[in-house]
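Trainee: One structure follows; several queries about it will come next.
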Amino acid sequence: MYALVDCNNFYCSCERVFAPQLEGRPVVVLSNNDGCAIARSEEAKALGIQMGTPAYLLEAEFKQYNVAVFSSNYTLYGDMSDRVMKLLAGFVPQVEIYSIDEAFLDMHDMPFANLLELGMTMRNTVRQHTGIPTTVGIAATKTLAKMANRYAKKTRRDIGVFWAANASLVQEMLQFSEVSDIWGIGPQHTLFLRRQGFRTAADFIKAPDDWVRTNMSVVGLRLLHELRGIPAIEWELEPPPKQHICTSRSFGKLQTHLADIKEALCNFMAVVAQKLRRQQSAAKSLQVFLKTHPHRTDLKQYNAAIVVDINPATNSTPELIKYAVKGLEIIYRPGYWFKKCGVVAMELVPEGQVQQSMFDVTDRQKSKQVMDAMDRINKSLGKDTVRMAVQGYEKRYRLRAAHLSPCYTTNYEQILKVN
DNA sequence: TCTGGGGTCCTAGGACCC
DNA sequence: TCTGGGGTCCTAGGACCC
20 MYALVDCNNF
30 YCSCERVFAP
40 QLEGRPVVVL
50 SNNDGCAIAR
60 SEEAKALGIQ
70 MGTPAYLLEA
80 EFKQYNVAVF
90 SSNYTLYGDM
100 SDRVMKLLAG
110 FVPQVEIYSI
120 DEAFLDMHDM
130 PFANLLELGM
140 TMRNTVRQHT
150 GIPTTVGIAA
160 TKTLAKMANR
170 YAKKTRRDIG
180 VFWAANASLV
190 QEMLQFSEVS
200 DIWGIGPQHT
210 LFLRRQGFRT
220 AADFIKAPDD
230 WVRTNMSVVG
240 LRLLHELRGI
250 PAIEWELEPP
260 PKQHICTSRS
270 FGKLQTHLAD
280 IKEALCNFMA
290 VVAQKLRRQQ
300 SAAKSLQVFL
310 KTHPHRTDLK
320 QYNAAIVVDI
330 NPATNSTPEL
340 IKYAVKGLEI
350 IYRPGYWFKK
360 CGVVAMELVP
370 EGQVQQSMFD
380 VTDRQKSKQV
390 MDAMDRINKS
400 LGKDTVRMAV
410 QGYEKRYRLR
420 AAHLSPCYTT
430 NYEQILKVN
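Quick note: the first sequence uses our numbering, first residue 20, plus one each step.
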């Protein structure tokens with residue numbers, strides 16, 4: 020058996036933990052740059068506020084219904100997530116952290132008769148220790164556990180747990196779930212399956228293997244098996260090293276000058292470099308890209324990207340910044356208003372196995388020590404304590420974040436005060 | 001009068017996830 | 001004025017090799 024535990028309206032719930040006066044009030048959390056709604060409390064969902072709606076279209080509604088609006092505060096959500104995951108890990112032998120607000124739990128060695136009770140205990144504990152409400156779905160495979168979780172939300176609101184404990188409960192859940200509700204079935208396959216006459220998951224599991232293989236590839240076939248109760252998706256207990264690492268942002272205001280864009284790009288490059296070091300990888304190439312604003316049809320458009328080879332592979336911030344700037348200078352064109360730029364580290368290799376170049380004059384050992392020291396300082400004293408001069412301090416490009424909450428749990432200056 | 005077969009690697013594009 | 005960001009996996013087709 021597998022359990023899928025997920026945090027209800029996670030970002031909104033995090034904001035509410037530290038602002039309990041918001042209980043009962045609609046809460047919305049906006050994406051980066053305060054662009055669109057990405058998390059909604061139950062009250063906000065009831066108002067009909069859809070996931071992904073641009074914030075500017077919601078302004079009147081926010082005012083009318085006294086919605087509490089927040090910019091996204093990933094530092095806070097990340098820390099709250101760690102706390103939830105640590106608690107869950109105390110209950111079962113294995114936990115796979117699937118996303119910031121979800122985890123698969125290995126229930127195979129747990130006392131079978133009590134799984135529902137176990138689910139409720141976990142849920143209560145997480146709620147009590149972190150303030151975050153969760154929902155638990157328990158079933159024979161990961162895909163069914165996902166479905167059980169959704170089913171719990173729809174039909175077991177009171178206890179917040181659903182266990183597909185026997186064939187008739189599984190069938191009940193499959194019949195309730197539309198094909199579009201299945202984890203792994205997106206808009207394209209939904210359309211296709213509906214046209215073929217499949218409406219619910221219960222319909223879909225009757226489809227012949229060959230037909231599914233032909234029309235939906237091995238991914239679809241795996242899914243089919245999972246829905247029939249045969250596990251086909253492996254545990255992924257520690258995340259494999261990433262194959263690409265990207266950082267990109269929209270600018271708070273459109274930018275046109277190379278110097279400003281360069282400053283932004285250097286900051287993004289520094290973030291990527293740090294992520295590379297954290298997973299002990301080095302990059303053999305970089306992609307740098309730059310875009311104008313696609314929705315501003317009144318302005319000239321220009322989108323460009325370039326791949327820059329790196330030799331030898333590196334994860335040193337100053338070295339990577341040199342390559343990124345080189346790429347930017349090639350693709351940059353004056354006279355445009357740019358909305359976004361970014362950098363992707365590609366062809367990642369383990370940092371210990373970097374092929375040395377004969378002509379390399381850099382002292383790699385020393386450079387690594389400098390980066391280690393920088394990462395340690397930034398970890399203990401806050402990010403960006405030590406930075407490259409080119410990263411600048413102006414941040415003219417910076418994101419809009421007009422409704423940011425304090426970092427209650429990670430910054431002493433911003434800790435909650437109780438009077 | 002006529003042009004094999006089998007394999008690998010790379011890339012672009014599609015689909016999906018949170 | 002105004003629409004996020006960061007990933008994965010799979011497949012088909014082309015280039016190339018022997």
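Where a beta carbon is used, it is the ideal one built from N, C-alpha and C, also for glycine.
Does the stretch 35-47 come into contact with the stretch 166-184, if we say contact requires no fewer than three beta-carbon pairs (one atom in each stretch) closer than 8 Å?
Mentor: The stretch 35-47 is not in contact with the stretch 166-184.
Trainee: Can you tell me the Cα-Cα spacing of Asn-330 and Lys-402, whole angstroms?
Mentor: Each residue's alpha carbon lies about 28 Å from the other.
Trainee: Below 8 Å, can you find three or more Cβ-Cβ pairs linking the stretch 294-302 to the stretch 73-93?
Mentor: Because the criterion of three Cβ pairs below 8 Å is not met, the stretch 294-302 and the stretch 73-93 do not touch.
Trainee: With DSSP collapsed to three states, give me the class of Gly-361.
Mentor: Reduced to three states, the DSSP call for Gly-361 is strand.
Trainee: Identify every run of the beta strand (DSSP E) within the stretch 71-99, keeping only runs that are complete inside it and at least 3 residues long; order them along the chain.
Mentor: Fully enclosed beta strand (DSSP E) runs of 3 or longer: 87-89.
Trainee: Taking Cβ positions, are Tyr-342 and Leu-309 nearer each other than 8 Å?
Mentor: Taking 8 Å as the Cβ cut-off, Tyr-342 and Leu-309 do not qualify as a contacting pair.
Trainee: Cα separation between Ala-421 and Met-20?
Mentor: So the alpha carbons of these two residues sit roughly 44 Å apart.
Trainee: Could you have a look at Asp-55 and say whether DSSP puts it in helix, strand or coil?
Mentor: Rather than Asp, the amino acid found at residue 55 in this sequence is Cys. Reduced to three states, the DSSP call for Cys-55 is strand.
Trainee: If Leu-106 and Val-145 are in contact, beta carbons under 8 Å, what's the gap, nearest whole angstrom?
Mentor: So it is a contact: roughly 5 Å between Cβ atoms.
Trainee: Which runs of the alpha helix (DSSP H), 4 residues or longer, sit entirely within the stretch 204-291?
Mentor: You should have 206-214, 220-223 and 228-246.
Trainee: Going by Cα to Cα distance, which pick from Glu-366, Trp-230 and Gln-410 is closest to Lys-303?
Mentor: Checking every option, the nearest Cα to that of Lys-303 belongs to Glu-366.
Trainee: Per DSSP, what are the beta-bridge partners of Trp-182 in this structure?
Mentor: Ile-157.
Trainee: According to the neighbour-count rule (16 or more other Cβ atoms, all chains shown, within 10 Å of its Cβ), is Asn-28 buried or exposed?
Mentor: Result: buried.
Trainee: What is the rounded straight-line gap between the Cα of Pro-112 and the Cα of Ala-132?
Mentor: Cα to Cα, Pro-112 sits roughly 18 Å from Ala-132.
Trainee: Out of Met-104, Lys-358 and Asp-53, which one is the CA nearest neighbour of Thr-316?
Mentor: When only C-alpha atoms are compared, the closest one is Lys-358.
Trainee: Please name the residue, chosen from Gln-207, Val-362, Gln-384 and Arg-59, that lies closest to Gly-371 on a Cα-to-Cα basis.
Mentor: Nearest option by C-alpha distance: Gln-384.
Trainee: Compare the C-alpha of Asn-185 against each of Leu-135, Thr-219 and Val-103 and name the closest.
Mentor: Ranking Leu-135, Thr-219 and Val-103 by Cα distance to Asn-185 puts Leu-135 first.
Trainee: Using three-state DSSP, classify Ser-32 as helix, strand or coil.
Mentor: It is helical.
Trainee: Taking C-beta to C-beta, are Asp-200 and Arg-176 nearer than 8 Å?
Mentor: Contact flag unset, no.
Trainee: With distances taken from CA atoms, which of Pro-73, Val-88, Tyr-96 and Ser-60 is nearest Tyr-427?
Mentor: It is Tyr-96.
Trainee: For Val-290 versus Gly-346, is the C-beta distance shorter than 8 Å?
Mentor: No. Outside cutoff.
Trainee: Taking 8 Å as the threshold (C-beta atoms), are Met-141 and Val-24 in contact?
Mentor: Result yes, Cβ atoms of Val-24 and Met-141 sit closer than 8 Å.
Trainee: Checking the sheet assignment: what are the DSSP bridge partners for Ile-329?
Mentor: BP columns for Ile-329 are empty, so no partner.
Trainee: What's the gap between the Cα of Met-288 and the Cα of Tyr-416?
Mentor: For Met-288 and Tyr-416, the distance between alpha carbons rounds to 15 Å.
Trainee: With distances taken between CB atoms, is the gap from Tyr-30 to Ser-91 smaller than 8 Å?
Mentor: Against a cut-off of 8 Å, the Cβ pair of Ser-91 and Tyr-30 comes out as a contact.
Trainee: Note down, in chain order, each residue of its chain lying with its Cβ closer than 8 Å to the Cβ of Thr-72, except the 5 sequence neighbours on either side.
Mentor: Within the same chain, Thr-72 has close Cβ partners Cys-55 and Ala-56.
Trainee: Straight-line CA distance for Lys-272 to Asn-52?
Mentor: Looking at the two C-alpha atoms, the distance is approximately 10 Å.
Trainee: Among Ala-332, Ser-335, Gly-361 and Ala-220, whose alpha-carbon lies nearest the alpha-carbon of Ala-323?
Mentor: With distances taken between Cα atoms, Ala-323 lies closest to Gly-361.
Trainee: Note down the Cα distance separating Ser-60 from Arg-35, rounded to an integer number of angstroms.
Mentor: Approximately 10 Å between the Cα atoms of the pair.
Trainee: Hey, could you find the ends of the alpha helix (DSSP H) Tyr-342 is sitting in?
Mentor: Tyr-342 -> alpha helix (DSSP H) spans 336-350.
Trainee: Quick one: give me the first and last residue of the beta strand (DSSP E) that Ile-396 is part of.
Mentor: No beta strand (DSSP E) contains Ile-396, which is instead part of the alpha helix (DSSP H) from 383-400.
Trainee: Using only the alpha-carbon positions, how far apart do His-244 and Pro-353 sit?
Mentor: Cα-Cα distance, rounded: 55 Å.
Trainee: Between Glu-338 and Gln-410, what straight-line distance do the alpha-carbon atoms span, to the nearest angstrom?
Mentor: If I take the Cα positions, the gap works out to 13 Å.
Trainee: For the alpha helix (DSSP H) containing Lys-64, list its first residue and its last residue.
Mentor: Where Lys-64 is concerned, the enclosing alpha helix (DSSP H) stretches over 61-65.
Trainee: Have a look at Ala-63 and Lys-225 and give me their C-alpha separation to the nearest angstrom.
Mentor: If you take the alpha carbons of Ala-63 and Lys-225, they lie about 38 Å apart.
Trainee: Quick check on Glu-42: does DSSP put it in helix, strand or coil?
Mentor: Correct three-state label for Glu-42: coil.
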